[in-house]
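Colleague:
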Amino acid sequence: MLISRSHPKREEAWVIAAIDLYRARRSRTTGLLNGLIEGPCLSTSNCLKTLKDTGYRRGRRGDLLLGILSVGNWTHRGVFALARANTRQKPIVRAMAKVVSDFVHVASTSEIPEGKMKKVIIGSQQVLVSNVKGKYYAIGNVCTHAGGPLDQGILEGQEVQCPWHHSHFDVTSGQVKRGPATRPEAVYDVKVEAGSILIRPKQ
Numbered sequence: 043m044l045i046s047r048s049h050p051k052r053e054e055a056w057v058i059a060a061i062d063l064y065r066a067r068r069s070r071t072t073g074l075l076n077g078l079i080e081g082p083c084l085s086t087s088n089c090l091k092t093l094k095d096t097g098y099r100r101g102r103r104g105d106l107l108l109g110i111l112s113v114g115n116w117t118h119r120g121v122f123a124l125a126r127a128n129t130r131q132k133p134i135v136r137a138m139a140k141v142v143s144d145f146v147h148v149a150s151t152s153e154i155p156e157g158k159m160k161k162v163i164i165g166s167q168q169v170l171v172s173n174v175k176g177k178y179y180a181i182g183n184v185c186t187h188a189g190g191p192l193d194q195g196i197l198e199g200q201e202v203q204c205p206w207h208h209s210h211f212d213v214t215s216g217q218v219k220r221g222p223a224t225r226p227e228a229v230y231d232v233k234v235e236a237g238s239i240l241i242r243p244k245q
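Residue numbers (the working numbering): 43 to 245.
(1) Is it buried or exposed, residue 163, if we count other Cβ atoms within 10 angstroms and call 16 or more buried?
(2) Cα separation between residue 185 and residue 239?
(3) Can you tell me which of the three DSSP states residue 83 falls into?
(4) Short of 7 Å in beta carbon distance, which residues of its chain neighbour residue 195, apart from the five on each side in sequence? Order them along the chain.
(5) Got a sec, what are the start and stop residues for the beta strand (DSSP E) residue 160 sits in?
(6) Hey, how far is the Cα of residue 228 from the Cα of residue 171?
(7) Could you name the residues that DSSP lists as bridge partners for residue 220?
(8) Taking the beta strand (DSSP E) that residue 174 falls in, what are its first and last residues?
(9) One question on the structure: do residue 214 and residue 174 come within less than 8 Å of each other, judged by their Cβ atoms?
(10) Using alpha carbons as the reference points, say which of 178, 220, 148 and 167 lies closest to residue 158.
(11) Quick one, which of 150, 147 and 207 has its alpha-carbon nearest residue 190's?
(12) Tell me which same chain residues have a C-beta within less than 7 Å of the C-beta of residue 245, skipping the five on either side of it?
(13) Could you compute how far the alpha carbon of residue 166 sits from the alpha carbon of residue 224?
(14) Hey, how far is the Cα of residue 145 from the Cα of residue 235?
(15) So what does DSSP say about residue 200, is it helix, strand or coil?
(16) Could you name the residues that DSSP lists as bridge partners for residue 240?
(17) Just to confirm my understanding: we take residue 149, look at its own chain, exclude 5 residues before and 5 after, and list those with CB closer than 7 Å. What are they?
(18) Hey, how far is the Cα of residue 211 from the Cα of residue 188?
(19) Inspect the beta-carbon positions of residue 176 and residue 216 and report whether they are closer than 8 Å.
Here you go:
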């Protein structure tokens, strides 16, 4: 063993090392990195300090021991600093979607005759507006299965067929009528005023 069993500060050195390792592992800022790198760094540093304070320099073996601990200490510190710099989180930029709570004009009634549909944009969302027997409905335009554009599909009665994998959605409720899609489309409130079609997210 590097530290003699008869050394008066042997137990104290190992207790300090154990405490440092425990504290390092509990650190939430660097997680596992602390336990693997910073822990040995702190332990080595404290062992070195304890041995120096107690005058543990006995000939060539003592010099060799302190030399090894010194090299290990600074090596661990260098590795830890480099690893910490490489794992530092970069700023995260989140794009905030535009929130629409009021009715928004999206088209005129003349643009969507009976039996037809049209893609419009509300906020940052694609919306499919359909005319079923003279009444207007609005659901999400992006297929919930694989992202197909519903406005490029086929409208039959009150069901729209996705052009990609042929999922069917009820344009009056957003519900799936035929797979492979399993999740319904978002539904929007619709109202008509003076020939204008206005929509907003369902409330």
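The beta-carbon is built from N, C-alpha and C at its ideal position, and this holds for glycine as well. Predicted model only: the values in this text are computed from it and were never measured.
Modeller: Concretely, from the data shown:
(1) If you number the sequence shown from 1, residue 163 lands on position 121. Exposed.
(2) In the sequence shown, counting from the first residue as 1, residue 185 sits at position 143. In the sequence shown, counting from the first residue as 1, residue 239 sits at position 197. Going from the Cα of residue 185 to the Cα of residue 239 covers about 23 Å.
(3) Position 41 of the sequence shown, counting from 1, holds the residue named residue 83. Because residue 83 sits at a pLDDT of 48, beneath the cut-off of 50, its placement in the model cannot be relied upon, and the point is left open.
(4) Looking up residue 195 in the sequence shown gives position 153. So the list reads 202, 203, 204 and 205, once near-sequence residues are dropped.
(5) Working through the sequence shown from its first residue, we reach residue 160 at position 118. Element bounds for residue 160: 159-164.
(6) The sequence position of residue 228 within the sequence shown is 186, counting from 1. The sequence position of residue 171 within the sequence shown is 129, counting from 1. Each residue's Cα considered, the two are about 12 Å apart.
(7) The residue you call residue 220 lines up with position 178 of the sequence shown. Per DSSP, 210.
(8) Here residue 174 refers to the residue found at position 132 when the sequence shown is read from its first residue. Unbroken beta strand (DSSP E) run through residue 174: 167-174.
(9) For the purposes of this step, residue 214 is taken as residue 172 along the sequence shown, with counting starting at 1. For the purposes of this step, residue 174 is taken as residue 132 along the sequence shown, with counting starting at 1. It is a contact, given that the beta carbons lie within the stated cut-off.
(10) Within the sequence shown, residue 158 is the residue found at index 116, counting from 1. The option with the nearest alpha carbon to residue 158 is 178.
(11) Residue 190 sits at position 148 when you count from the first residue of the sequence shown. Nearest C-alpha to residue 190: 207.
(12) As a first step, residue 245 is located in the sequence shown; it is residue number 203 there, counting from the start. Once the five neighbours on either side are set aside, the close Cβ partners of residue 245 are 231.
(13) If you number the sequence shown from 1, residue 166 lands on position 124. If you number the sequence shown from 1, residue 224 lands on position 182. About 23 Å.
(14) As a working mapping, residue 145 is identified with position 103 in the sequence shown. As a working mapping, residue 235 is identified with position 193 in the sequence shown. Computed Cα separation, rounded: 11 Å.
(15) Against the sequence shown, residue 200 aligns to sequence position 158. Three-state DSSP puts residue 200 in coil, outside helix and strand.
(16) The residue given as residue 240 occupies position 198 in the sequence shown. BP columns for residue 240 point to 147 and 233.
(17) Residue numbering aside, residue 149 sits at position 107 when the sequence shown is read from its first letter. Here the set comprises 160, 162, 171 and 239.
(18) Taking the first residue of the sequence shown as 1, we reach residue 211 at position 169. Taking the first residue of the sequence shown as 1, we reach residue 188 at position 146. Cα atoms of residue 211 and residue 188: separation of roughly 14 Å, rounded to the nearest angstrom.
(19) Sequence index remark: in the sequence shown, residue 176 carries index 134 (1-based). Sequence index remark: in the sequence shown, residue 216 carries index 174 (1-based). No, these two residues do not count as a Cβ contact at 8 Å.
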